[in-house]
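Read the structure below first, then the notes.
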Amino acid sequence: MEAVFTTHNLWMMIATILVFIMHLGFASLETGLTQSKNTVNILFKNATILPIGLLTYAFWGFNIMYPGDDFAGSFFGFAGFGLSMPEGANTGGYNEAYTYWTDFLFQAMFAATAATIVSGAVAERIKLNSFLVFTIIYVGFCYPIVGMWKWGGGFLDALETPFYDFAGSTIVHSVGGWAALAGVMLLGARHGKYHNGKIRPIPGHSMPFATVGVFLLWFGWYGFNGGSVLSADPGLVSLVFVTTTLAAAAGAIGALITALIVVKSNDLTMVLNGILGGLVGITAGADQMGVTDAIIIGLVAGALVVLAVVFFDRMRLDDPVGAISVHLVCGVWGTLAVGLFGELASGAQIVSQLVGILSVGVFCFAVSLLIFYVLKATLGIRVTEEEEIEGLDIGEHKMRAYPDINNKAEEVYS
Amino acid sequence: MEAVFTTHNLWMMIATILVFIMHLGFASLETGLTQSKNTVNILFKNATILPIGLLTYAFWGFNIMYPGDDFAGSFFGFAGFGLSMPEGANTGGYNEAYTYWTDFLFQAMFAATAATIVSGAVAERIKLNSFLVFTIIYVGFCYPIVGMWKWGGGFLDALETPFYDFAGSTIVHSVGGWAALAGVMLLGARHGKYHNGKIRPIPGHSMPFATVGVFLLWFGWYGFNGGSVLSADPGLVSLVFVTTTLAAAAGAIGALITALIVVKSNDLTMVLNGILGGLVGITAGADQMGVTDAIIIGLVAGALVVLAVVFFDRMRLDDPVGAISVHLVCGVWGTLAVGLFGELASGAQIVSQLVGILSVGVFCFAVSLLIFYVLKATLGIRVTEEEEIEGLDIGEHKMRAYPDINNKAEEVYS
Amino acid sequence: MEAVFTTHNLWMMIATILVFIMHLGFASLETGLTQSKNTVNILFKNATILPIGLLTYAFWGFNIMYPGDDFAGSFFGFAGFGLSMPEGANTGGYNEAYTYWTDFLFQAMFAATAATIVSGAVAERIKLNSFLVFTIIYVGFCYPIVGMWKWGGGFLDALETPFYDFAGSTIVHSVGGWAALAGVMLLGARHGKYHNGKIRPIPGHSMPFATVGVFLLWFGWYGFNGGSVLSADPGLVSLVFVTTTLAAAAGAIGALITALIVVKSNDLTMVLNGILGGLVGITAGADQMGVTDAIIIGLVAGALVVLAVVFFDRMRLDDPVGAISVHLVCGVWGTLAVGLFGELASGAQIVSQLVGILSVGVFCFAVSLLIFYVLKATLGIRVTEEEEIEGLDIGEHKMRAYPDINNKAEEVYS
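Residue numbers (our numbering), protein chains in the order written: chain A, 91 to 504; chain B, 91 to 504; chain C, 91 to 504.
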């Protein structure tokens with residue numbers, strides 16, 4: 091008993107730090123896909139979002155998301171401030187697979203993800219202070235409230251056919267995706283992106299960092315999905331590893347082929363986002379799918395990413411890194427796929443999946459629209475045009491990301 | 091029993107994702123050691139090789155490499171398409187240390203390595219489409235066929251004194267190395283590399299990425315070698331960790347000293363490749379060596395890398411990243427070393443090691459020469475001179491890796 | 091029994107490779123915070139320090155640091171050259187949680203850290219050869235001697251109220267920090283840094299690499315602190331993970347706020363160093379603190395880093411990466427904090443902590459001052475002014491880090 095408990099807990103701790111490294115993945119990806127004049131700003135956001143997410147989750151978030159039976163309602167519960175360690179919290183008396191501390195930390199690492207997803211979509215024009223205020227509110231309150239609906243025993247878990255979201259295609263990724271959409275709508279496009287009815291691509295400044303980001307995210311996803319088994323159960327975790335891997339691989343191929351057809355190019359950023367799309371897509375049902383299911387889900391997700399990137403661009407919704415396409419579109423797709431493929435496929439499940447997608451979507455989109463709207467009316471959410479053209483690194487941070495390399499380049503480009 | 095099985099399987103899953111991260115290591119290293127005008131191309135290849143390798147291994151590769159007793163011959167076997175999960179595949183009934191899914195995925199992560207090694211050697215001038223076709227054939231068929239000869243119970247395993255290759259100095263690294271040699275011979279050197287009887291160095295564009303790549307490869311090698319124990323056996327895995335570490339460290343020192351003597355410089359790329367040489371060298375016998383053996387093997391490997399890089403350059407075999415020196419030369423050295431040092435050292439073992447080295451070498455070199463030859467005669471394998479000078483990023487991908495930094499630099503250099 | 095032993099040993103091996111990856115973190119951070127003309131030099135140092143540290147630790151260091159009961163005195167002991175594997179060294183007969191090989195390798199990975207910390211502080215002007223000689227002496231002898239005082243059963247462990255240093259705020263980080271201080275004092279500031287009574291900032295050349303470095307260090311710290319439990323004990327390791335995480339997060343916020351007040355800027359490098367400060371600060375008592383303790387320790391550490399960076403600059407002590415502020419100042423703070431917060435807080439403990447801080451400080455500062463002084467008088471420790479202005483990459487290595495990107499920039503800047 092002690093031995094199995096120790097092994098389960100060990101895996102959950104390792105999964106926790108794999109999710110941690112996803113934040114470096116997000117930072118690298120967002121850095122790579124944006125311009126070098128905004129790099130310090132992007133790194134600063136990523137280096138502060140995670141600490142903010144961890145601390146707010148310790149102060150109150152964990153106790154909102156997992157209020158426990160005594161405090162939970164269908165839509166909201168709260169077990170009080172701070173970490174309230176119960177009896178026997180460091181043994182199997184708390185949980186048969188992990189300690190109280192492991193439980194807290196694994197969940198805490200997930201929390202900041204929602205804001206990180208938004209960060210990419212609103213990059214290169216959002217005011218730093220407003221973004222940090224948004225992060226505190228959204229990560230501190232919206233994320234754990236929605237999470238409680240399913241993982242904390244709320245109404246989505248209590249449906250007759252319970253809504254199913256294994257590791258968070260909806261509960262994590264679309265929560266970020268909806269807020270990204272709201273932010274992009276209220277902010278408007280970057281200066282010069284849509285000019286005289288034409289779409290002007292603004293390429294990211296470092297494809298190596300973008301690639302490093304995607305590989306680190308894929309690496310960390312083994313903790314994100316594999317840890318969501320909530321034990322080191324050999325059969326389940328290894329199945330989840332296989333479905334996660336094959337969906338990512340199929341996402342790359344799906345995006346590669348779709349990009350060859352649609353944009354007629356061997357487009358690296360599409361392949362990279364295809365990998366992420368496949369990963370987001372499999373997340374809702376990674377433990378329910380077979381090999382073929384996982385490959386189909388990934389292929390479709392990879393294709394969807396390319397189509398969605400093109401679609402949002404035509405809609406004049408300017409998302410520098412493709413976060414909405416990856417996390418919202420593929421989040422919805424993956425959640426639906428649980429009703430279409432694998433062990434749970436059924437009409438009733440499709441209905442429950444739609445209920446989950448819509449209720450989370452309406453709440454998150456409305457709340458984030460409201461937050462951004464109030465911020466816009468008060469602090470302002472967009473930097474000045476001069477600051478945007480010069481770059482947020484100088485405007486918000488008085489620093490450059492590459493001071494002795496690209497000064498010259500900036501003279502040429504600005 | 092359940093507890094030990096869970097721990098063994100956990101280690102094998104973690105080893106699997108450590109091997110995964112080696113692919114990021116390869117991508118970073120190859121990026122760093124080549125020119126910035128070809129970076130998108132290199133990242134694209136690395137981001138697609140792994141998905142191709144994983145999917146072909148799922149479709150048929152695993153069942154070629156491990157056909158099982160019912161299907162195996164001495165040279166070839168095939169257990170059918172797709173993943174054919176046997177009874178009890180997620181328990182100790184399948185294997186006393188890991189599940190069927192873990193078994194598949196650990197092996198699948200190895201498979202793409204062969205093509206990744208080739209990618210570095212043929213970089214900066216090979217046509218993308220031809221390389222991807224090569225990858226599908228070589229990773230999809232040649233790699234698992236050769237792997238079966240030893241690890242799948244084929245003729246090399248059935249020798250009276252069985253050929254020994256613990257984690258793949260020959261079965262993985264030299265398989266990549268032979269194809270790299272064949273590719274380089276058929277492609278010819280990069281434009282301007284050998285001019286008027288002189289060797290013109292074409293330095294890689296980012297030493298930080300090269301260094302990141304080597305450290306990530308070293309990190310991942312703990313899964314590559316440590317996972318090849320096929321369980322979490324404390325004594326064996328920790329011994330393998332120690333021999334792997336000391337061989338890598340000695341490889342650095344061996345290359346450092348040899349470079350000081352031969353090229354008379356504190357040459358960073360030589361030290362980096364020396365580390366990799368030490369790692370490749372210990373791979374065949376990491377579980378059979380003592381501390382002193384491991385250090386000697388690493389020192390020699392580090393020295394060999396430097397000498398081989400100089401030698402191949404004199405032979406006008408243009409290998410931008412030194413892949414042939416690292417993976418083929420040190421792969422051969424490490425395989426031979428099993429007969430010279432450690433527990434298995436004996437005359438009979440040396441003979442068996444030579445049989446393995448030669449049979450794998452003849453097969454891989456001949457087959458890859460044939461594939462590249464047919465590709466050369468049909469699709470063509472080399473980009474045009476104009477495309478090569480302008481860079482493959484524009485020619486094959488219509489993108490730049492650093493669009494707002496090095497435009498200026500390219501004007502200066504091209 | 092076997093199962094628990096296997097799990098404990100597995101965690102210790104994984105912790106070992108997490109500490110390994112910290113060396114990539116140090117390399118990336120130091121690269122990012124210095125100028126591109128010295129990047130090859132910095133990478134070269136980092137790629138050779140670790141091999142030197144590992145090999146010297148195998149040759150004699152481990153047997154100095156852990157001489158065993160038969161050989162230990164209060165201040166020095168030595169169990170002979172090489173690795174002397176005792177009976178039953180690969181089973182619970184050696185240690186109930188890990189094998190002899192795991193024990194050696196986990197400790198060996200720590201050893202090189204001391205020199206790596208120094209490397210950052212003396213960067214951009216120290217002679218390569220002198221630095222490597224310093225590394226061999228300091229890592230090979232000083233580090234294990236000091237380590238023995240506490241972890242090898244020496245006099246600091248034998249105090250009536252034993253000095254407490256869980257994972258090495260003093261024994262590792264301040265050991266590096268004191269030598270960094272000595273080196274900076276003897277070397278003097280970089281050319282142009284303090285000019286006409288003014289402080290001229292010399293910004294690092296790549297904020298993305300600096301950020302990657304900090305995230306990798308944070309990641310690796312889970313092995314550094316979590317492995318210092320010396321088993322996979324679920325309650326203890328998960329508590330250590332939580333205190334480590336929250337201290338890092340609080341360090342970021344402490345530095346963020348302090349920088350806004352003191353330097354009036356959203357300063358990315360301060361936030362990054364604040365994270366590291368929080369991590370160093372919690373290291374001495376990571377297993378003794380509660381949630382609130384950890385957050386306070388981190389907040390103070392983050393504030394201290396900013397104040398210390400400003401202070402050392404005013405003192406004309408030129409530390410390009412802030413290593414003295416992070417590792418020495420926060421190392422002292424974290425060690426003291428064990429007497430002020432958490433389970434061990436008491437007056438007697440404060441006294442013991444001061445004894446440990448001072449005895450280690452006096453020894454390390456004096457010895458490293460002596461080593462650098464002798465090197466200065468013989469080999470010389472500083473490159474020529476011309477070499478410094480041109481960059482150590484050309485002077486020491488005849489290479490550039492980014493040959494096809496920043497040539498142009500160097501023309502502009504030099």
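Every residue gets a Cβ at the ideal spot worked out from N, C-alpha and C, and that includes glycine. Please read all numbers here as calculations on a predicted model, not as lab measurements.
If contact is defined by three or more beta carbon pairs under 8 Å, each pair taking one atom from either stretch, is the region 428-435 of chain C in contact with the region 212-220 of chain C? no
Given F110/B, which residues of its chain have a CB within under 7 Å of its CB, disregarding the five upstream and five downstream residues? M199
Return helix, strand or coil for R404/C, following the three-state DSSP convention. helix
Put K354/C into one of helix, strand or coil per three-state DSSP. coil
Contact list for Y492/B against chain A, beta-carbon separation under 7 Å: H295, S296
Could you tell me which of L369/B, A345/B, V265/B, S321/B sits nearest to G310/B, measuring between CA atoms? L369/B
Assigned secondary structure, I292/A (DSSP; H/G/I helix, E/B strand, else coil): coil
Through-space distance from T334/A to N131/B, alpha-carbon basis: 26 Å
What three-state label does DSSP hand Y492/C in the structure shown? coil
When you compare the CB positions of N315/B and A376/B, do they come within less than 8 Å of one another, or not? yes
Rounding to the nearest angstrom, what Cα-Cα distance links V441/A and G151/A in this structure? 29 Å
What's the call for L448/A, buried or exposed, on a 16-neighbour Cβ count within 10 Å? exposed
Against V327/B, what residues of chain C qualify as contacts under a CB-to-CB distance less than 7 Å, listed in chain order? M103
Just list the alpha helix (DSSP H) runs in the region 147-201 of chain B, keeping only unbroken ones of 4 residues or longer that don't cross its boundaries, in chain order. 152-155, 190-201
Using a Cβ cut-off of 8 Å, pull out every chain D residue sitting near A456/A, in sequence order please. Here chain D cannot be found, since the structure's protein chains are A, B and C.
Checking contacts by CB at 8 Å: is I343/B closer than that to chain C? yes
What are the residues that DSSP puts in a beta bridge with I343/C? DSSP lists no partner for I343/C.
Let me see if you follow: with CB-CB separation under 8 Å, is E92/B close to chain A or not? yes
Neighbourhood of L389/B by C-beta distance below 6 Å, restricted to the same chain and skipping five residues each side: A340, G344
Any contact between the region 249-269 of chain A and the region 460-479 of chain B? By contact I mean 3 or more CB pairs, one from each, below 8 Å. no
On the CB-based measure, 16 or more other CB atoms within 10 Å of its CB, does T96/B come out buried or exposed? buried
Out of I387/B, Y312/B, D247/B, P293/B, which has the shortest C-alpha to C-alpha gap to G446/B? D247/B
Could you list which residues in chain B have their beta carbon closer than 8 Å to that of N356/A, in chain order? F134, L218, E486, H487
Using a Cβ cut-off of 7 Å, pull out every chain C residue sitting near I107/A, in sequence order please. F309, Y312
Run down chain A in chain order and give the residues with a C-beta less than 7 Å from the C-beta of V130/B. M297, L358
Hey, how far is the Cα of I227/B from the Cα of L459/B? 12 Å
With a threshold of 16 other CB atoms inside 10 Å of the CB of I479/C, please say whether the residue is buried or exposed. exposed
On the premise that A202/C lies in contact with L114/C, defined as a C-beta separation below 8 Å, what is that separation, rounded to the nearest angstrom? In fact, because the Cβ distance is near 12 Å, the residues do not count as touching under 8 Å.
Out of L346/C, V332/C, G325/C, point me to the one whose CA is closest to G178/A's CA. G325/C
Please state whether DSSP places H281/B in a helix, a strand or coil. coil
With a 10 Å radius around its C-beta and 16 neighbouring C-beta atoms as the bar for buried, classify F134/C as buried or exposed. buried
Would a C-beta distance cut-off of 8 Å place S328/A and T121/B closer than the cut-off? no
Is F224/C buried or exposed, if buried means 16 or more other CB atoms sit within 10 Å of its CB? buried
Euclidean distance between Cα positions of K240/B and S436/B: 19 Å
Taking 8 Å as the threshold (beta carbon to beta carbon), is I111/A in contact with chain C? yes
For A201/C, which residues in chain B fall below 8 Å Cβ to Cβ? The contacting residues do not exist; A201/C stays about 12 Å from chain B at best.
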